[in-house]
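Peer 1: Residue numbers (mature numbering (1 follows the signal peptide of the UniProt record, and there is no 0)): -20 to -1, 1 to 550.
Before I ask anything, here is the structure I am working with.
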Amino acid sequence: MKKCSLLSGLFLAMAVASYAQTQTSTQPSAQSATTTPGVTVGHGAHPPDEVKPPTKDDLLRGSYGPYRANNDLLFYHLDMRVDPVAKSIAGTNTIRFRMLADGKRIQLELTPQLSIDSIKLGEKTLQYTREERTVWIDFPETLHKGNVYEVAFAYSGKPVTQGRFGCFSFDKDKEGKPWITTACEEEGSSVWWPNKDQWRDEPQDGMEIDVAVPNGLMDVSNGRFVSSKDLGDGYTQWKWLVHYPINNYDVALNIGEYQHFSGKHGATTLDFYALPEDLEKAKAQFAQVPEMLDAYEHYFGEYPFDKDGYKLIEVPYAGMEHQSAVAYGNHFENGYYGRDWTGVGISPKFDFIIIHESGHEWFGNSVTAADPSDMWIHEGWTTYLEVLYVEYRWGKADGLRYVNGLKAKVKNELPSISQHGINREPPQDQYFKGALMINTLRSVIGDDAKWFADIHDFYQRFKYQNIMTEDVVSWWNERTGMNLTPFFDEYLRHAALPVLELQLDEAKHTMSYRWKADEAGFAMPIQVGDPQHWTTVTPVTEEWKTMPWAGTREEFKVATDLYYVGVKQE
């Protein structure tokens, strides 16, 4: 094989240097080690999370270098066979793309644990170089800007089970029959099929997924079911067609002795798949789907994948937001594996996995982050969708209780946005701190009618797009006429919470206040004083401001259920 190109080597050296230089800015400040949300600073400190240096593969897969940027994905056709006995797979992904610049090389990915059988452009066999899971494909002649090309990438081997959910797992059901599933958000879809394994570019015309499995088994994948065909050799091919752009980690196989039942919600077809022994439990538990769709459509608009329908599929792991083929493994019970997820008595009213993973159809699958560093766009918003679901079903007070129950899960040790261009999942605060930040934004806007119009239009603006935090902030700045950049930066790009510092002057009957924050321009308004008659003040970081206060220190309250902040009274 060829040696790593000079350009690739230089890129890796520059990326490592950039990573080292940025670590001082991503470490928690002293403030983050002493702040517990909504209570006195100085309690509940945690040791900081460990930040491991990126691997070579993290850098190669995380960057959007010139051999990715020179082409635009149009369509994938994945045609494969799965052998449960040998625990092997073999297939071809035909990749259609348009060149955005003249070039003779493109970058794709496939784990080195799988063999490349051939890569062809028409009848021409192409040369390639493997580096970690990156596959550099070289063309004998220049591919020209604006032209469309297809390469057929044939591969085979035994995928390695890895990660939290296995990524590609050869399991068995209770009857000992094959039960094969995929879940590769963090590990990367190139663990089991060749593709452009990144988040920025999705095949804009969708994808065809053809999967051959032994007779008696069914494959359920993304998109609309097209057909099943007995191949005459002991295998049946299941064909699915995805009509929308799809991010690569959403592409899924679900192979087993599935039983199918269906329904409809307006224009949306509902298809459910469960193992035979769980069929009746699934029929009872999956009845929560229509009310979930009612809630999310109320706030954001129609289900975004009607051409493909909505599917909910039993799997042997907790769950995953695979587009139009949501994976479900919550044991057919409410809460999260039967637990009260936020500890305030509301989670037991609904099935956490159905509500959370389906929420990703709006945020994560329809609106998608262009880089894993900005994954809070998926997880912070979808966690907030849980709050909206609770509010829709049981009222605003319960929604507020639910979101405040998330505070115990936040660490405030690392920024929710990690470094761009590295294949790495950001800290878990992206979920819980992200949702609490969004709830805080609602309080900053201070008008629920406007808020619900805002979030609806925000989603509609970026539907079917891949975006970054800068796009989010720019939209909200324009929509509200406010400068919310310091707000988003404070909550997402720093570890610590903003702390409202208070000083009571009993003699003068005044309370002084200011923000202690990492963003110098942070000036978030907040409600303080008497909970029966809140006063909205706008502290700044540069100076103390003062308001009249004739009560005691203990009587002065801060609306910490509406705003996610720390409070320090002197």
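The beta-carbon is built from N, C-alpha and C at its ideal position, and this holds for glycine as well.
Remember, predicted model here, so these are calculated numbers, not experimental data.
#1: Would you say the beta carbon of residue 226 comes nearer than 7 angstroms to a heavy atom of the ligand SAM?
#2: Taking the alpha carbon of residue 192 as the point to measure from, which residue in 144, 164, 236 and 182 has its own alpha carbon closest?
#3: Are at least three pairs of beta-carbons, each pair with one atom in the region 516 to 533 and one in the region 451 to 463, less than 8 angstroms apart?
#4: List, from N- to C-terminal side, the alpha helix (DSSP H) runs of 4 residues or more that fit wholly inside the region 197 to 268.
#5: Can residue 306 and residue 291 be called in contact, C-beta distance under 8 angstroms?
#6: Any idea if residue 350 is buried or exposed, counting beta-carbon neighbours within 10 angstroms, 16 or more meaning buried?
#7: Which residues in the same chain as residue 446 place their Cβ atom closer than 6 angstroms to its Cβ, once the five residues preceding and following it in sequence are excluded?
#8: Going by beta carbon distance, what residues of the same chain come within less than 6 angstroms of residue 496, once the five residues before and after it are set aside?
#9: CB-CB under 7 angstroms to residue 241, same chain, minus the five flanking residues each way: which ones, in chain order?
#10: Can residue 449 and residue 397 be called in contact, C-beta distance under 8 angstroms?
#11: Check each candidate in 435, 484, 157 and 75 and name the one with the smallest Cα separation from residue 530.
#12: Just list the residues that DSSP pairs residue 484 with in beta bridges.
#13: With distances taken between CB atoms, is the gap from residue 553 to residue 99 smaller than 8 angstroms?
#14: Throw me the rounded Cβ distance for the residue 420 and residue 544 pair, which I believe falls under 8 angstroms.
#15: Pop quiz: residue 248 and residue 289 are said to be a contact at Cβ under 8 angstroms. What is the actual Cβ separation, rounded to whole angstroms?
#16: Look at the alpha carbon of residue 114 and the alpha carbon of residue 108, and state the distance between them as a whole number of angstroms.
#17: Using the DSSP secondary-structure output, state which residues sit across from residue 158 in a beta bridge.
#18: On the three-state DSSP scale, how would you describe residue 471?
#19: Do you know offhand how far residue 337's Cα is from residue 413's?
#20: Between 516, 297 and 314, which has its C-alpha nearest residue 152's C-alpha?
#21: Apart from the five residues on each side of it in sequence, which residues of its chain come closer than 6 angstroms, Cβ to Cβ, to residue 469?
#22: So, does the region 139 to 150 touch the region 208 to 228, judging by three or more C-beta pairs under 8 angstroms?
#23: What span of residues does the alpha helix (DSSP H) with residue 41 cover, start to end?
#24: I need the DSSP call for residue 550, collapsed to helix, strand or coil.
#25: Using 8 angstroms as the threshold, is the region 163 to 177 in touch with the region 132 to 142, meaning 3 or more CB pairs across them?
#26: Sorted by chain position, which residues of the same chain lie with C-beta nearer than 7 angstroms to residue 440's C-beta, five sequence neighbours on each side aside?
#27: Can you tell me which of 233, 472 and 493 puts its alpha carbon nearest to the alpha carbon of residue 62?
#28: How long is the line joining the alpha carbons of residue 408 and residue 488, rounded to whole angstroms?
#29: Quick one, which of 369, 373, 354 and 424 has its alpha-carbon nearest residue 590's?
#30: Within 10 Å of its beta-carbon, does residue 331 have 16 or more other beta-carbons around it, so buried, or fewer, so exposed?
#31: Is it buried or exposed, residue 260, if we count other Cβ atoms within 10 angstroms and call 16 or more buried?
#32: Using C-beta distances below 6 angstroms, list every residue in its chain close to residue -9, excluding the 5 sequence neighbours before and after it, in chain order.
#33: Could you check which residue in 451, 79 and 160 has the C-alpha nearest to that of residue 127?
#34: Does residue 188 come out as helix, strand or coil in the three-state DSSP assignment?
#35: Measuring straight from C-alpha to C-alpha, what distance separates residue 299 and residue 125?
#36: Under the assumption that residue 359 contacts residue 399 (Cβ atoms under 8 angstroms), give the Cβ distance between them as a whole number of angstroms.
Peer 2: Looking at the atomic coordinates:
#1: The ligand SAM is absent from the structure shown, which contains no ligand whatsoever.
#2: 236
#3: no
#4: Correct list: 259 to 265.
#5: Cβ distance < 8 angstroms, so residue 306 and residue 291 count as in contact.
#6: buried
#7: 180, 348 and 350
#8: 479 and 481
#9: 252 and 263
#10: yes
#11: 484
#12: Beta-bridge pairing links residue 484 to 491.
#13: The displayed coordinates of the chain run from -20 to 550. Any statement about residue 553 would go beyond what the structure contains.
#14: 5 angstroms
#15: 6 angstroms
#16: Rounded to the nearest angstrom, the two C-alpha atoms are 10 angstroms apart.
#17: 152
#18: Looking at residue 471 - three-state DSSP - the assignment turns out to be helix.
#19: 18 angstroms
#20: Checked all of 516, 297 and 314; the closest Cα to residue 152 is 297.
#21: Correct list, in chain order: 499.
#22: no
#23: 36 to 42
#24: coil
#25: yes
#26: Shown here for residue 440: same chain residues with a beta carbon closer than 7 angstroms to its own, the five before and five after excluded, namely 281 in chain order.
#27: 233
#28: 45 angstroms
#29: Since the first residue of the chain shown is -20 and the last is 550, residue 590 is not available in this structure.
#30: Looking at its Cβ environment, which holds 16 or more other Cβ atoms inside 10 Å, residue 331 is buried.
#31: exposed
#32: Confidence is the limiting factor: at residue -9 the pLDDT is only 43, short of 50, which leaves the residue's position unreliable, though a coordinate-based value still follows. For residue -9, where only same-chain residues beyond five positions count, the Cβ hits under 6 angstroms are 39.
#33: 79 is the residue among 451, 79 and 160 whose C-alpha sits nearest the C-alpha of residue 127.
#34: strand
#35: 41 angstroms
#36: Contact doesn't hold; Cβ gap of about 17 angstroms is too wide.
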